[in-house]
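S.K.: In UniProt numbering, the protein residues as written are 1 to 65. Heads up, the beta-carbon is just placed ideally off N, CA and C, and yes, glycines get one too. Keep in mind it's a predicted model, so treat the numbers as computed, not measured.
1. So what does DSSP say about residue 61, is it helix, strand or coil?
2. Once DSSP output is grouped into helix, strand and coil, what is the label at residue 31?
3. Using alpha carbons as the reference points, say which of 39, 44, 38 lies closest to residue 31.
4. In its own chain, which residues sit with a C-beta less than 6 Å from the C-beta of residue 40, not counting the 5 before and 5 after it?
5. According to the neighbour-count rule (16 or more other Cβ atoms, all chains shown, within 10 Å of its Cβ), is residue 18 buried or exposed?
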């Protein structure tokens, strides 16, 4: 998770949706998993993590564009 991007106002897609990418190194290459909205973020590094993208955005208090 890119913690520096939490407060970013740049969103991906159309309509613009807050998105979290989790990267995992597999066979020497990084594989990305994309999570949006109410998706529960899945991380091999933090298997006990119980948080959604929506919860991260709400906690960050990002203002709507």
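M.R.: According to the structure shown:
1. Position 61 of the chain shown, counted from the start, is the residue given in the question as residue 61. Three-state DSSP puts residue 61 in coil, outside helix and strand.
2. One-based indexing of the chain shown puts residue 31 at position 31. It is a strand residue.
3. To locate residue 31, count along the chain shown from 1; it is residue 31. Among 39, 44, 38, the Cα nearest to that of residue 31 is on 44.
4. Residue numbering aside, residue 40 sits at position 40 when the chain shown is read from its first letter. Around residue 40: 52.
5. Translated into the one-based positions of the chain shown, residue 18 becomes position 18. By the neighbour-count rule (16 or more Cβ atoms within 10 Å), residue 18 is buried.
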